[in-house]
Amino acid sequence: MNRYPWWKYAMLVIALLIGLLYTVPNLFGEAPAVQVSSGKATIKVEQAMVERVSQALTKAGVKPDFVQFDGKSVKARFQDTDTQLLAKDALSKALNPDPADPSYIVALNLLSRSPAWMASVRALPMYLGLDLRGGVHFLMQVDMKSALTKKAEALTGDIRTMLRDKNIRHAGITRDGNTVEVRFREAATLASARNVLADQLPDLVWTEQPDGGDIKLIGNLKPEAARAVQDQALKQNITTLHNRVNELGVSEPVIQQQGADRVVVQLPGVQDTAKAKDIIGRTATLEIRMVNETAEAKDAERGGGPVPFGSERYVERNGQPIIVFRQVILTGENLNDAQPGFDSQTQEPSVNLTLDAKGARIFKDVTRENVGKRMAILLFEKGKGEVVTAPVIRSEIGGGRVQISGRMTTTEANDTSLLLRAGSLAAPMEIIEEKTIGPSLGADNIAKGFASVTYGFAAIATFMCAYYLLFGVFSTVALAFNLLLLVAVLSMLQLTLTLPGIAAIALTLGMAIDANVLINERVREELRGGASPQVAIQAGYERAWGTILDSNVTTLIAGLALLAFGSGPVRGFAIVHCLGILTSMFSAVVFSRGLVNLWYGRQKRLKSVSIGQVWRPDGGTTAPTTEP
Amino acid sequence: MEFFRIRKDIPFMRYALILNVISFLTFAAAVYFLATRSLHLSIEFTGGTVLEVSYEKPADINRTRGVVESLNLGEVQVQNFGSSHDVLIRLPVRPNMTGSVAAATVFGALCKAESGTVGTKQYVTPQGESVSRPSCAVAAGSEPVKLMRTEFVGPSVGSELARDGAMALGMTVLGIMLYLAFRFEWKFAVAGIIANLHDVVIILGFFAFFQWEFSLAVLAAILAVLGYSVNESVVIFDRIREAFRKYRKLTTPQVIDHAITSTTSRTIITHGSTQMMVLSMLMFGGATLHYFAVALTIGILFGIYSSIFVAAGIAMWLGVKREDLVKSGPAKESDPNDPNAGAVV
Chain R
120 MNRYPWWKYA MLVIALLIGL LYTVPNLFGE APAVQVSSGK ATIKVEQAMV
170 ERVSQALTKA GVKPDFVQFD GKSVKARFQD TDTQLLAKDA LSKALNPDPA
220 DPSYIVALNL LSRSPAWMAS VRALPMYLGL DLRGGVHFLM QVDMKSALTK
270 KAEALTGDIR TMLRDKNIRH AGITRDGNTV EVRFREAATL ASARNVLADQ
320 LPDLVWTEQP DGGDIKLIGN LKPEAARAVQ DQALKQNITT LHNRVNELGV
370 SEPVIQQQGA DRVVVQLPGV QDTAKAKDII GRTATLEIRM VNETAEAKDA
420 ERGGGPVPFG SERYVERNGQ PIIVFRQVIL TGENLNDAQP GFDSQTQEPS
470 VNLTLDAKGA RIFKDVTREN VGKRMAILLF EKGKGEVVTA PVIRSEIGGG
520 RVQISGRMTT TEANDTSLLL RAGSLAAPME IIEEKTIGPS LGADNIAKGF
570 ASVTYGFAAI ATFMCAYYLL FGVFSTVALA FNLLLLVAVL SMLQLTLTLP
620 GIAAIALTLG MAIDANVLIN ERVREELRGG ASPQVAIQAG YERAWGTILD
670 SNVTTLIAGL ALLAFGSGPV RGFAIVHCLG ILTSMFSAVV FSRGLVNLWY
720 GRQKRLKSVS IGQVWRPDGG TTAPTTEP
Chain A
-11 MEFFRIRKDI PFMRYALILN VISFLTFAAA VYFLATRSLH LSIEFTGGTV
39 LEVSYEKPAD INRTRGVVES LNLGEVQVQN FGSSHDVLIR LPVRPNMTGS
89 VAAATVFGAL CKAESGTVGT KQYVTPQGES VSRPSCAVAA GSEPVKLMRT
139 EFVGPSVGSE LARDGAMALG MTVLGIMLYL AFRFEWKFAV AGIIANLHDV
189 VIILGFFAFF QWEFSLAVLA AILAVLGYSV NESVVIFDRI REAFRKYRKL
239 TTPQVIDHAI TSTTSRTIIT HGSTQMMVLS MLMFGGATLH YFAVALTIGI
289 LFGIYSSIFV AAGIAMWLGV KREDLVKSGP AKESDPNDPN AGAVV
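Laid out in structure tokens, this is it:
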């Protein structure tokens, strides 16, 4: 009766193996590594970089464990810190011919020491939170109001152009907060304007309101459009932050959205808050200037002569030099948006820019006077400029909608628009929470958390084995299995482990033993009632199950409430706690039963089980117990 | 081994009245302390700046306090944290001054008091991670005072956290009540939740009385222990229901006594095991986990007490009857499909 079918044992063995596979990477520790990432917004690190890094290392006579590309950067792992430092120097020299203007960031880093095949099945160590490894944490609030105002401002410009194009006479367009007001003298013009606007600007809802002798048409952003604007602003800010943080060469920066209008930035290993803040808070600027196409300039481009007066020499993204006038036509402030798209006639990939009202006016004048000439869009970072793109002006462009197309692939269009947007933040941000944790404190926290779990586990194990003998051993093994599973699940999901998370592991183990106590007590009770050992085991497990379920449901309710409303450290605690409850049900009931079945299940004439002394109130005779 | 050799049912309910009075008084005292002293909330809730610094030599708290107070940053708190070398400094939210500026100012002043200069220290850890951090260097080359950690929380975040915390508590209480009402009936749900709220208030009372720091971690501990000790009430209620079915001649208090007596062994052993783990955290977990473990300890101890005396007691005062639980008469006794038949210990 106490036998599992073979598939149940197989399932347990598979669970055990998977648990081991995903837990083991946590034990390997970390090895020194060097990370190569892009140092400029205009440079992208790609798969080909792996080859370059390997070659540079071979040339310098440094042998890496491996070189890998992880989507944004290339990492090479080394045996020891000396090799790591050698490699860093070699790579810096090979990749950045001009140290004053580095194209790539070569930073020291840590990588898991686990074998490559484990990494390939995503068996990676848990990601340690800042409180365990030290670093900086910022919580930033995005000023959504200003994002909406910016949008309304842009729409005001659009409306003005639209009405002019359709020859509809209005008596003034103003922006009031996030609403746009258009005045009309006559109801007839209003009606036709309303048709045009409703048709072309689906993001706005229009209402009419009499105002003195005039009639006002008031446009409000639709809630879903406002939400889209806010989403867009947040995404753009996150992208910009990513670009800037890359420059710090931080191993695994976390830049995440939190709630509707907040961004979390975590930089492990960085202790210099001031520098981090400086970099995060810096703005790259965008400028539009005309290209100097005189004969002298052409000469200078080829390197045949001096750069003409009033011009500057810049480099295009493909490395070609270009001479640009010093005079700035427009800056990034006038650029509302840049999106990749397709030319409506040629179906070529294009980049679509939207300028604000002021920008559109200037742009119209400039393009009218310069048809056939080239203009350059420059991105300035850290005081150094680079030409993102230098298109030829084909015709006068009015209305603030600019399309750059021709000789571009879709990826290029995407990259260019990203760069143009990356110039600035969509909306200003404010730091509302800031934490720095020293590296020694982090190591200390790990040691303390680890000690708590170890000693607590040892105490429970000792007690269980002494009190319940062999059943206690089974319970202890099941508890260890629970710990294994929990760590494996946490590693598998790549959750961030924090100190409250370790506390949750300890607490969950302390609570999980409850299930085994329930079972063991129940089995004793059955024996006390005179049941035969096999029946007692069967009944004990079955009857304890209801209570175990109850106890876990109530704990889970609290855990889920914490998960739903908690933030930061509480969330870390709640996730581990909830997962721990689930793994404990499996290990305490299914796994420990498996052990018991394996041990006692085959013995047909089982006389006694080793579960410690079973005391009977009647007469005080002790029930049969034996050593295993 | 068998610790619990109980021959007769212990007449717990005989003492119910007296203990409930004591409970009520403790509860009233907790409320009183909460009202008069109020909780010592951590900066996670109130907003503000915290610095943890570590001195090379055992720290002279009064001197540190003097240095920090001379900066006129408002109501500052300076206290030992963990060991005698570590000092925790708490600054209130200041308008016109961001947290990091305040932290830098204080660290600068502390460093100056040790006649050092603030600079940036850059080095590579033995594992090969490059670190750059502000440091306080003296001519001799050592660091008399180290900045371990700074934390700045804006006031808006704090009030949000407080609100979310209250929401989490509310949802937990509601969820557990619904579960108990569904699993048993309303009298037990009310009794169970009163018993456990009584625990929560008493834990809070302890924190108010001793002015221990109430942080997010403590809140998490309270909620975790709430879910955990409700389970204790569930086990006892389960037994009460079973005893009502089995022993038809016993009076309600006798039934309750029997139920509690028969679960004593399990109660003590499981809570003892959990407490061992918590004690281990209390002893080895360091200052960060200290109050977390303290809250759990109080929660576990009062959880046992309140499940036995408060929950069962209130159920008795509410007038739990056999008919409330055993509705369809003796026919149901041997119903093999009863989902709750096995849920007893």
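So the protein sequences, as listed, match chains R and A. Take any residue in the first sequence, note its place counting from 1, add 119, and you have its number in the working numbering. Mapping the second sequence onto the working numbering, position 129 (from 1) lands on 117, and the numbers just tick up by one. All C-beta atoms, glycine included, are put in the ideal place defined by N, C-alpha and C.
Problem - Alpha-carbon to alpha-carbon, K234 (chain A) and V308 (chain A) - result: By one-based count along the second sequence, residue 308 (chain A) stands at place 320. By one-based count along the second sequence, residue 234 (chain A) stands at place 246. Rounded to whole angstroms, V308 (chain A) to K234 (chain A) spans 16 Å at the Cα level.
Problem - Span of the alpha helix (DSSP H) around D187 (chain A) - result: As a first step, residue 187 (chain A) must be located in the second sequence, where it is residue number 199. Taken as a continuous stretch (DSSP letters only), the alpha helix (DSSP H) holding D187 (chain A) covers W174 to F198.
Exercise for the section: Look at L243 (chain R) and Q385 (chain R) and say whether their C-beta atoms are less than 7 Å apart. Expected result: Position 124 of the first sequence, counting from 1, holds the residue named residue 243 (chain R). Position 266 of the first sequence, counting from 1, holds the residue named residue 385 (chain R). Cβ distance not < 7 Å, so L243 (chain R) and Q385 (chain R) don't count as in contact.
Practice task
Name the residue from A:N68, A:F202 and A:G273 whose alpha carbon lies nearest to the alpha carbon of G561 (chain R).
Solution key: On the first sequence, position 442 is the one that residue 561 (chain R) refers to. Selected option, being the one with the closest Cα: A:G273.
Handout entry: Under 9 Å from the C-beta of D226 (chain A): neighbouring residues of chain R
Key = Working through the second sequence from its first residue, we reach residue 226 (chain A) at position 238. Per Cβ cutoff of 9 Å: G665, T666 and D669.
Handout entry: For R721 (chain R) and I(-2) (chain A), the rounded distance between their alpha carbons
Key = For this step, residue -2 (chain A) is matched to residue 10 along the second sequence. For this step, residue 721 (chain R) is matched to residue 602 along the first sequence. One C-alpha to the other measures close to 41 Å.
Handout entry: Local conformation of V217 (chain R) per DSSP, three classes
Key = Your numbering for residue 217 (chain R) matches position 98 in the first sequence. Checking the sequence, you will find Asp at residue 217 (chain R) rather than Val. The answer is coil: DSSP assigns D217 (chain R) none of H, G, I, E or B.
Exercise for the section: May I have the straight-line CA-CA distance separating L604 (chain R) from G699 (chain R), to the nearest angstrom? Expected result: Within the first sequence, the letter at position 485 stands for residue 604 (chain R). Within the first sequence, the letter at position 580 stands for residue 699 (chain R). Going by the C-alpha atoms only, they are around 9 Å apart.
Handout entry: Contact with chain A by G254 (chain R), beta-carbon distance below 7 Å
Key = What you label residue 254 (chain R) is simply residue 135 of the first sequence in a count that begins at 1. So, not an interface residue.
Handout entry: chain R contact residues for L22 (chain A), given Cβ-Cβ distances below 9 Å
Key = The sequence position of residue 22 (chain A) within the second sequence is 34, counting from 1. Here the premise fails: no neighbours, minimum Cβ distance about 21 Å.
Problem - Whole alpha helix (DSSP H) elements within the region 464 to 496 of chain R, 4-residue minimum - result: Counting only runs of 4 or more, we get 476 to 488.
Problem - Endpoints, alpha helix (DSSP H) assigned at S231 (chain R) - result: Your numbering for residue 231 (chain R) matches position 112 in the first sequence. Counting along the chain, S231 (chain R) falls outside any alpha helix (DSSP H), though it belongs to the beta strand (DSSP E) covering Y223 to S231.
Problem - T508 (chain R) burial status per 10 Å Cβ neighbour count (16 or more: buried) - result: Here residue 508 (chain R) refers to the residue found at position 389 of the first sequence. So T508 (chain R) counts as buried.
Handout entry: Three-state class that DSSP yields for H289 (chain R) in the structure shown
Key = Here residue 289 (chain R) refers to the residue found at position 170 when the first sequence is read from its first residue. The answer is coil: DSSP assigns H289 (chain R) none of H, G, I, E or B.
Exercise for the section: Note down, in chain order, every chain R residue with its Cβ under 8 Å from the Cβ of L277 (chain A). Expected result: As a working note, residue 277 (chain A) is residue 289 in the second sequence. Simply K567, G568, S571, L618 and A622.
Handout entry: Status (buried if at least 16 other CB within 10 Å, exposed otherwise) for W125 (chain R)
Key = On the first sequence, residue 125 (chain R) is found 6 positions in, with the first residue counted as 1. Classification for W125 (chain R): exposed.
Practice task
Specify the secondary structure class of R432 (chain R) as computed by DSSP and reduced to three states.
Solution key: The residue labelled residue 432 (chain R) in the question sits at position 313 within the first sequence. DSSP, reduced to helix, strand and coil, places R432 (chain R) within a strand of the structure shown.
Practice task
List the endpoints of the continuous beta strand (DSSP E) containing T508 (chain R).
Solution key: To locate residue 508 (chain R), count along the first sequence from 1; it is residue 389. Where T508 (chain R) is concerned, the enclosing beta strand (DSSP E) stretches over K503 to T508.
Practice task
Kindly list, in the order they appear in chain A, the residues whose Cβ is closer than 7 Å to that of I676 (chain R).
Solution key: The residue labelled residue 676 (chain R) in the question sits at position 557 within the first sequence. Per Cβ cutoff of 7 Å: T160, G163, I164, Y167 and G215.
Practice task
Put I551 (chain R) into one of helix, strand or coil per three-state DSSP.
Solution key: Your numbering for residue 551 (chain R) matches position 432 in the first sequence. In this structure, I551 (chain R) counts as strand in the three-state DSSP scheme.
Problem - Cβ-based burial, V490 (chain R) [other Cβ within 10 Å; buried from 16] - result: For the purposes of this step, residue 490 (chain R) is identified with residue 371 of the first sequence, where counting begins at 1. With fewer than 16 other Cβ atoms within 10 Å, it is exposed.
Practice task
Output yes if chain C places a C-beta closer than 7 Å to the C-beta of R82 (chain A); else output no.
Solution key: Protein chains in the displayed structure are R and A, and chain C is not among them.
Exercise for the section: For Y574 (chain R), go through chain A and note every residue whose CB falls closer than 7 Å to its CB, in chain order. Expected result: Residue numbering aside, residue 574 (chain R) sits at position 455 when the first sequence is read from its first letter. In chain order: S268 and F272.
Practice task
Could you tell me which of A:A196, A:L98 and A:R254 sits nearest to T52 (chain A), measuring between CA atoms?
Solution key: The sequence position of residue 52 (chain A) within the second sequence is 64, counting from 1. When only C-alpha atoms are compared, the closest one is A:L98.
Handout entry: Cβ pair I656 (chain R), L637 (chain R) closer than 7 Å
Key = Working through the first sequence from its first residue, we reach residue 656 (chain R) at position 537. Working through the first sequence from its first residue, we reach residue 637 (chain R) at position 518. Going by C-beta atoms, I656 (chain R) is not nearer than 7 Å to L637 (chain R).
Handout entry: Runs of beta strand (DSSP E) lying entirely within the region 169 to 219 of chain R, each at least 3 residues, in chain order
Key = Entirely contained in the region 169 to 219 of chain R, the beta strand (DSSP E) runs reaching 3 residues are, in chain order, 185 to 188 and 193 to 196.
Handout entry: Buried or exposed (CB count within 10 angstroms, at least 16 for buried), P321 (chain R)
Key = Position 202 of the first sequence, counting from 1, holds the residue named residue 321 (chain R). That one is exposed.
Practice task
Report, in whole angstroms, the separation of the C-beta atoms of L405 (chain R) and T450 (chain R), which I expect to be a contact under 8 Å.
Solution key: By 1-based counting over the first sequence, the position of residue 405 (chain R) is 286. By 1-based counting over the first sequence, the position of residue 450 (chain R) is 331. With 8 Å as the limit, L405 (chain R) and T450 (chain R) qualify as a contact, their Cβ atoms being about 6 Å apart.
Practice task
Leaving aside the five residues before and after A622 (chain R) along the sequence, list all residues of the same chain whose C-beta is less than 8 Å from its C-beta, in chain order.
Solution key: Along the first sequence, one-based indexing puts residue 622 (chain R) at 503. Cβ neighbours of A622 (chain R) beyond the five flanking positions: G568, S571 and F692.
Exercise for the section: Taking only beta-carbon positions, decide if F692 (chain R) is within less than 7 Å of chain A. Expected result: As a working mapping, residue 692 (chain R) is identified with position 573 in the first sequence. Chain A, which has a Cβ nearer than 7 Å to the Cβ of F692 (chain R), makes this yes.
Practice task
Please list the partners that S253 (chain A) has in chain R, where partner means a Cβ-to-Cβ separation under 7 Å.
Solution key: To locate residue 253 (chain A), count along the second sequence from 1; it is residue 265. In chain order: E640.
Practice task
Indicate whether the contact test is met: 3 or more Cβ pairs, each with one atom in the region 626 to 634 of chain R and one in the region 596 to 603 of chain R, closer than 8 Å.
Solution key: In the pairwise beta carbon analysis, the region 626 to 634 of chain R is classified as touching the region 596 to 603 of chain R: at least three pairs are separated by under 8 Å.
Practice task
Identify the continuous beta strand (DSSP E) that holds S265 (chain R) and give its terminal residues.
Solution key: Position 146 of the first sequence holds residue 265 (chain R). No beta strand (DSSP E) holds S265 (chain R); the alpha helix (DSSP H) holding it covers M263 to D284.
Practice task
Can you grab the Cα-Cα spacing for the pair K320 (chain A) / E230 (chain A), in whole Å?
Solution key: Your numbering for residue 320 (chain A) matches position 332 in the second sequence. Your numbering for residue 230 (chain A) matches position 242 in the second sequence. Model confidence at K320 (chain A) stands at a pLDDT of 39, short of 50, so the residue's coordinates are unreliable and nothing is read from them.
Problem - T138 (chain A) versus A:T37, A:I248, A:T160 and A:H278, residue with shortest Cα-Cα distance - result: Working through the second sequence from its first residue, we reach residue 138 (chain A) at position 150. Ranked by how close their Cα comes to the Cα of T138 (chain A), the residues A:T37, A:I248, A:T160 and A:H278 have A:T37 in first place.
Handout entry: Within the region 672 to 709 of chain R, ranges of the alpha helix (DSSP H) (whole runs, at least 4 residues)
Key = Runs found: 688 to 704.
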